[in-house]
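Protein chains: 2
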Amino acid sequence: MERRSLDNLFFPRAIAIIGASADPTSKGYDYLKGMMEFDFAGQLYPVNPKADKILGLEAYPRVRDIPGMIDYVISCIPAQPTIELMDDCAAKGAKTLQLYSAGFSETGEEEGRKLEEELVRKARHLGLRVIGPNCIGLHYPRGGLAFARARFSKRGGPVGSLVQSGGHAWTLVSNGSLRGLSFSKVISFGNACDLNESDFLEYLADDPETELITAYIEGIKEGQRFMSVVNKAARAKPVIMFKGGRTEAGRRAAASHTGALAGREPIWETLFHQTGVIRVGSLDELIDTTLPFIYFPKIKSPNVGIVGAGGGASVQAADACEANGLIVPPLPPELRERLKQFTPLAGSSLGNPVDTVQIWNPEHFMRTLELVAGWEKIDFLLAHAVIELAAQWQGQSILEGIIDSLLEAGNKIRKPLAVILQSFGTSQGLNMLYSIQKRFVEAKIPVYPTIGRAANAIAKFIEYQAVCS
Amino acid sequence: MERRSLDNLFFPRAIAIIGASADPTSKGYDYLKGMMEFDFAGQLYPVNPKADKILGLEAYPRVRDIPGMIDYVISCIPAQPTIELMDDCAAKGAKTLQLYSAGFSETGEEEGRKLEEELVRKARHLGLRVIGPNCIGLHYPRGGLAFARARFSKRGGPVGSLVQSGGHAWTLVSNGSLRGLSFSKVISFGNACDLNESDFLEYLADDPETELITAYIEGIKEGQRFMSVVNKAARAKPVIMFKGGRTEAGRRAAASHTGALAGREPIWETLFHQTGVIRVGSLDELIDTTLPFIYFPKIKSPNVGIVGAGGGASVQAADACEANGLIVPPLPPELRERLKQFTPLAGSSLGNPVDTVQIWNPEHFMRTLELVAGWEKIDFLLAHAVIELAAQWQGQSILEGIIDSLLEAGNKIRKPLAVILQSFGTSQGLNMLYSIQKRFVEAKIPVYPTIGRAANAIAKFIEYQAVCS
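If you're matching them up, the sequences are chains A and B in order.
Going by the working numbering, the first residue of the first sequence is number 269, and it counts up by one from there.
Going by the working numbering, the first residue of the second sequence is number 269, and it counts up by one from there.
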């Protein structure tokens, strides 16, 4: 019953956007333009008393002026007039009210708290479900629901996300898309005055379009229920969670951000420990950790082969892998001999990591990758390169050769491959970083900015597989 | 005596570059071009039997054909012929031999080990000091000595660096320059067969041009001496050290990179603990941590004010600061009231962190920064912004306004300010990141990519000040 009612959220036929605007810096513009760019197939009604047309659509002064029925309302107007708006919404048939509007309980002021209470009371009375307030709401690429313009990938995918913060939701989708994630449903729910984290987590746990759940949570509304929903979700699919407010200052910030009661740290530790939820400490780490779940098959043991150029970089790579619990087995003598046949000893180290000057020779680099990946003791491969070292010293075509070899290796070696792509931070390097990363993402090869971040993410993936599957 | 002899290293009058070449992908070209770009004032002699002229300079087939005296030799030829070369070098008056050449003890092979022994024996006999082999050698911007072309800043500065790995040395100077570091002397010393980490560290400890020492060390040659030199150096100036090879795999990699005996971890822990050397775990962290030492005055206590936009980002900022030992004191009611006078409550949090929609209004943003920084309980300020959130949503001019306010604040607030500048990773964002960072570097305001990295670096700086000064 609950399940079906939440399913309705994601399949509205007609959406009214209150506070829609032709000003491209307004959130009302962003929603309307977003839905259009994501090809929302139903009706879109901009509501704004000061406009006749917005983005080519007829605008209505009030909700009650809309000619047809509406089942979904997104509102960007201030807190106070939101209450009055609700009668009109219900009268037009709306079932869901998604509130970008802020100024409710999160202000910490009596007035805001009372307004939020009134909002909930009225919603229950009118049979409206509320998402938010103080959130950017739902994002469902396959269904044409967008919480922002289509600057990031419009393609739907396997990652379901529950992100209490609107800014984090936007960052996750933007940055995550560029790094190779695509999303089933992303839900930003702010103050969670009605529909809360337990409702949405339960929904994503059952959602057949969602293969993996990522979450950013600041606080919980129903402790007991959340425990049991997390348990259920983590049994159904991998759950990667970033808990905001693990310190005193963080808890205070969470309270004034979404009015959240962040809960004490030991309770969260217990929760993570007992349910097998994968804990991460930042949005970057959340994205890092999701990548192997999406791109890699099961990895049975943590034996890594490391290939790249640079002695110091290789030492740092080995340290980062072992410090994260991965194993870097030394290459056996016969494999070293085979590498020696085409690799000069000067400037190279043929252990594991393999530090090879043959990175500058596409054919030999490819052969190095194949030989290392072909060793049965290696479960997966990390390859690292610094863009400027190749492009500025050896020339652009040499960098292209390295990229092509790695892309080809991704197909040929039949073991998981992740690429660590670093830049000195020059203008040229950052530009190339962007376009090279894009090519790897298209080839479904995860890219990380440092070996440490790759090692941490993949170690979490392997640990999860060992414990939970 | 030792001091004076090392001082000579940095002030050669005539340099011969063996293996100099017109091929821009060769290291021999890189050295020659580098010295020219860095305006080396002495004589430069390219040595190459196959060329008449290189980069406009007359080339000589052999060292003995050089008309004048030489006191410094850089060689890029293979290991074996290096030995023969030494007699010629000594005959021309050379005092120092800097060897990019690899293929010595670091190969782990009997042949390489014997060659290195012979190299050392012969150097002692001929009165030559050797830097390397298997290194990129000395970099001394003020003196025109360069280990690579002038892609990075030519300006000399206060940071002395001891970097066993050539790749790390290059990365440190390249990336560090872009982030605001400038260098007195950078020394990459590879296998350290003659001059070693103790010699160079002792030199930097005494060097009046070096205000702070950063080091990447894989292994040590003289344990007892190193302990006492580190002690001396750390008493003279801040020493920030990244030890490569802290795991078993890392130690193996270090051995096959520079032939280094990495030493057991507890010994290093004791060393860091007893001497007050600041330990870091990556090159990025080394650069991060150096920045406050260069840019900040003494910070007496770890009380931070945080200003930016984004609720989730503010929670993450507060957590990152407290987790790193900083204190994020809640703003007092009177200060909140003053902020409320011009900040709408909806969409803002006026605690600490201050999450403010007024970031979009330069005048109000400036006022926010000044009010928070003006509170006597705050010792320093962190300001954070996401480039795309401003530029794509609010428009380019709004982003410019934020940058201008922060640059102005750097002058006005009279407390240390660090800026955390993030990008979703879009092409536009990365491009802007580069140019905006440049402006902050020129204004002597350190920039970090994440709050966590800023908090870690500044916490290390404050801890050092509390303990060591």
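The beta-carbon is built from N, C-alpha and C at its ideal position, and this holds for glycine as well.
- Task: Determine the DSSP secondary structure at residue 426 (chain B), reduced to helix, strand or coil.
- Result: Along the second sequence, one-based indexing puts residue 426 (chain B) at 158. Residue 426 (chain B): strand per DSSP, three-state reduction.
- Message: Checking 8 Å against the spacing of the C-beta atoms, do residue 434 (chain B) and residue 395 (chain B) come in under that value?
- Response: Residue mapping note: residue 434 (chain B) aligns to position 166 of the second sequence, counting from 1. Residue mapping note: residue 395 (chain B) aligns to position 127 of the second sequence, counting from 1. When the beta-carbon positions are compared, residue 434 (chain B) and residue 395 (chain B) stay at least 8 Å from each other.
- Give every residue of the same chain whose Cβ lies closer than 7 Å to the Cβ of residue 409 (chain B), excluding the five residues on either side of it in the sequence, and list them in chain order. Walking along the second sequence from the start, residue 409 (chain B) turns up at place 141. Only 306, 422, 423, 424, 451 meet the Cβ criterion.
- Give the single residue among A:431, A:318, A:427 whose Cα lies nearest to the Cα of residue 445 (chain A). Looking up residue 445 (chain A) in the first sequence gives position 177. The shortest Cα separation from residue 445 (chain A) among A:431, A:318, A:427 belongs to A:427.
- Which residues, in order along the region 405-423 of chain B, keep a beta-carbon less than 7 Å from a beta-carbon of chain A? From the region 405-423 of chain B, only 419 have a Cβ closer than 7 Å to chain A.
- Task: Output yes or no for whether 8 Å exceeds the beta carbon distance between residue 560 (chain B) and residue 714 (chain B).
- Result: The residue given as residue 560 (chain B) occupies position 292 in the second sequence. The residue given as residue 714 (chain B) occupies position 446 in the second sequence. It is a contact, given that the beta carbons lie within the stated cut-off.
- Item | Simplified DSSP assignment, three categories, for residue 316 (chain A) | For the purposes of this step, residue 316 (chain A) is taken as the residue at position 48 of the first sequence. In the structure shown, residue 316 (chain A) falls within a coil segment according to DSSP collapsed to helix, strand and coil.
- Query: Can you find at least 3 beta carbon pairs, one from the region 627-637 of chain B and one from the region 652-669 of chain B, that sit closer than 8 Å?
  - Reply: The region 627-637 of chain B is in contact with the region 652-669 of chain B.
- Rounded straight-line distance, which links the Cα of residue 392 (chain B) to that of residue 573 (chain B): Taking the second sequence and counting its residues from 1, one reaches residue 573 (chain B) at position 305. Taking the second sequence and counting its residues from 1, one reaches residue 392 (chain B) at position 124. Whole-angstrom Cα-Cα distance: 58 Å.
- Task: Take the Cβ of residue 301 (chain A) as the centre, count every other Cβ of all protein chains shown within 10 Å, and call the residue buried at 16 or more, exposed below.
- Result: The residue labelled residue 301 (chain A) in the question sits at position 33 within the first sequence. Residue 301 (chain A) is classed as buried because its beta carbon has at least 16 other beta carbons within 10 Å across all chains shown.
- Taking Cβ positions, are residue 440 (chain A) and residue 429 (chain A) nearer each other than 8 Å? Here residue 440 (chain A) refers to the residue found at position 172 when the first sequence is read from its first residue. Here residue 429 (chain A) refers to the residue found at position 161 when the first sequence is read from its first residue. Yes; because the gap between Cβ atoms is below 8 Å, this pair is in contact.
- Query: If you follow the alpha helix (DSSP H) that residue 703 (chain A) is part of, which residue opens it and which one closes it?
  - Reply: Within the first sequence, numbered from 1, the residue matching residue 703 (chain A) stands at position 435. Taken as a continuous stretch (DSSP letters only), the alpha helix (DSSP H) holding residue 703 (chain A) covers 695-710.
- Item | Assumed close pair residue 525 (chain A), residue 581 (chain A) - CB separation to whole angstroms, cut-off 8 Å | Your numbering for residue 525 (chain A) matches position 257 in the first sequence. Your numbering for residue 581 (chain A) matches position 313 in the first sequence. So it is not a contact: roughly 39 Å between Cβ atoms.
- Query: Who are the neighbours of residue 695 (chain B) on chain A, taking C-beta pairs under 8 Å?
  - Reply: Mapped onto the second sequence, residue 695 (chain B) falls at position 427. Those are 699, 702, 703, listed as they occur along chain A.
- Query: Terminal residues of the continuous alpha helix (DSSP H) containing residue 478 (chain B)?
  - Reply: For the purposes of this step, residue 478 (chain B) is taken as the residue at position 210 of the second sequence. Where residue 478 (chain B) is concerned, there is no enclosing alpha helix (DSSP H), given that its DSSP letter is neither H nor E.
- Query: How many Å lie between residue 619 (chain B) and residue 599 (chain B) at the Cα?
  - Reply: Here the question's residue 619 (chain B) lines up with position 351 in the second sequence. Here the question's residue 599 (chain B) lines up with position 331 in the second sequence. Residue 619 (chain B) and residue 599 (chain B) have their alpha carbons spaced roughly 5 Å apart.
- Neighbourhood of residue 640 (chain A) by C-beta distance below 7 Å, restricted to the same chain and skipping five residues each side: In the first sequence, counting from the first residue as 1, residue 640 (chain A) sits at position 372. The beta carbon of residue 640 (chain A) sits closer than 7 Å to the beta carbons of 573, 575, 622, 646, 649 from its chain, once the five residues preceding and following it are set aside; these are given in chain order.
- Item | residue 464 (chain A) versus residue 492 (chain A): straight-line alpha-carbon distance, rounded | Here residue 464 (chain A) is taken as the residue at index 196 of the first sequence, counted from 1. Here residue 492 (chain A) is taken as the residue at index 224 of the first sequence, counted from 1. If you take the alpha carbons of residue 464 (chain A) and residue 492 (chain A), they lie about 13 Å apart.
- Task: Within its chain, find whatever has a CB closer than 6 Å to the CB of residue 364 (chain A); leave out the 5 residues flanking it on each side and keep chain order.
- Result: Looking up residue 364 (chain A) in the first sequence gives position 96. Excluding sequence neighbours, residue 364 (chain A) sits near 277, 340, 397.
- Message: Give me the residue from A:549, A:335, A:555, A:625 with the minimum Cα distance to residue 578 (chain A).
- Response: For this step, residue 578 (chain A) is matched to residue 310 along the first sequence. Ranking the options by Cα distance to residue 578 (chain A), first place goes to A:625.
- Query: Taking Cβ-Cβ distances shorter than 7 Å, what residues in chain B pair up with residue 662 (chain A)?
  - Reply: Locating residue 662 (chain A) in the first sequence gives position 394, where the first residue counts as 1. In chain order: 293.
- If you draw a straight line from the C-alpha of residue 461 (chain A) to the C-alpha of residue 700 (chain B), how long is it? Here residue 461 (chain A) corresponds to residue number 193 of the first sequence, with the count starting at 1. Here residue 700 (chain B) corresponds to residue number 432 of the second sequence, with the count starting at 1. Taking the straight line from one Cα to the other gives about 39 Å.
- Of the listed residues A:312, A:275, A:324, A:603, nearest to residue 290 (chain A) (C-alpha basis): Translated into positions along the first sequence, residue 290 (chain A) becomes position 22. Out of A:312, A:275, A:324, A:603, A:324 has the C-alpha closest to the C-alpha of residue 290 (chain A).
- Rounded separation between residue 520 (chain A) and residue 562 (chain A) - CA only: Counted from its first residue, the first sequence places residue 520 (chain A) at position 252. Counted from its first residue, the first sequence places residue 562 (chain A) at position 294. Linking residue 520 (chain A) to residue 562 (chain A) through their CA atoms gives a straight-line distance of about 34 Å.
- Message: Tell me the residue span of the beta strand (DSSP E) that contains residue 286 (chain A).
- Response: Position 18 of the first sequence, counted from the first residue, corresponds to residue 286 (chain A). Run containing residue 286 (chain A): 282-286, per the beta strand (DSSP E) assignment.
- Report buried or exposed for residue 601 (chain B), applying the criterion of at least 16 other Cβ atoms within 10 angstroms of its Cβ. For the purposes of this step, residue 601 (chain B) is identified with residue 333 of the second sequence, where counting begins at 1. Classification for residue 601 (chain B): exposed.
- Residues in the region 385-397 of chain A with C-beta within 7 Å of chain B's C-beta atoms, listed in sequence order? For the region 385-397 of chain A, the set of residues with a beta-carbon nearer than 7 Å to any beta-carbon of chain B is empty.
- Message: Given this structure, state the Cα-to-Cα distance separating residue 533 (chain B) from residue 357 (chain B), to the nearest angstrom.
- Response: Here residue 533 (chain B) is taken as the residue at index 265 of the second sequence, counted from 1. Here residue 357 (chain B) is taken as the residue at index 89 of the second sequence, counted from 1. A straight line joining the alpha-carbon of residue 533 (chain B) with that of residue 357 (chain B) spans about 41 Å.
- Task: Could you pull out every residue in the same chain whose Cβ sits closer than 6 Å to the Cβ of residue 470 (chain A), ignoring the five residues on either side in sequence?
- Result: Sequence index remark: in the first sequence, residue 470 (chain A) carries index 202 (1-based). Counting only Cβ-Cβ distances below 6 Å, and skipping sequence neighbours, we find 497.
- Leaving out five residues before and five after residue 656 (chain B) in sequence, what residues of the same chain have Cβ atoms less than 7 Å from its Cβ? Your numbering for residue 656 (chain B) matches position 388 in the second sequence. Closer than 7 Å at Cβ, skipping near neighbours: 691, 692, 694, 697.
- Item | Element boundaries [alpha helix (DSSP H), containing residue 495 (chain A)] | Taking the first residue of the first sequence as position 1, residue 495 (chain A) is located at position 227. 491-504 is the extent of the alpha helix (DSSP H) around residue 495 (chain A).
- Query: For residue 664 (chain A), does the three-state DSSP call read helix, strand or coil?
  - Reply: For the purposes of this step, residue 664 (chain A) is taken as the residue at position 396 of the first sequence. Three-state DSSP puts residue 664 (chain A) in a helix.
- Return no unless some Cβ of chain B is closer than 8 Å to the Cβ of residue 730 (chain A). Residue 730 (chain A) sits at position 462 when you count from the first residue of the first sequence. Judged by the 8 Å Cβ criterion, residue 730 (chain A) is not in contact with chain B.
- Query: Under 8 Å between the Cβ atoms of residue 676 (chain A) and residue 634 (chain A)?
  - Reply: On the first sequence, position 408 is the one that residue 676 (chain A) refers to. On the first sequence, position 366 is the one that residue 634 (chain A) refers to. In this structure, residue 634 (chain A) lies closer than 8 Å to residue 676 (chain A) by Cβ.
- Use the C-beta contact count for residue 609 (chain A): other C-beta atoms within 10 angstroms, 16 or more gives buried, fewer gives exposed. The residue you call residue 609 (chain A) lines up with position 341 of the first sequence. Counting Cβ neighbours within 10 Å, residue 609 (chain A) comes out exposed, since fewer than 16 surround it.
- Interface residues of chain A facing residue 515 (chain B) [CB-CB closer than 7 Å]: Here residue 515 (chain B) refers to the residue found at position 247 when the second sequence is read from its first residue. Per Cβ cutoff of 7 Å: 586, 587, 590, 591.
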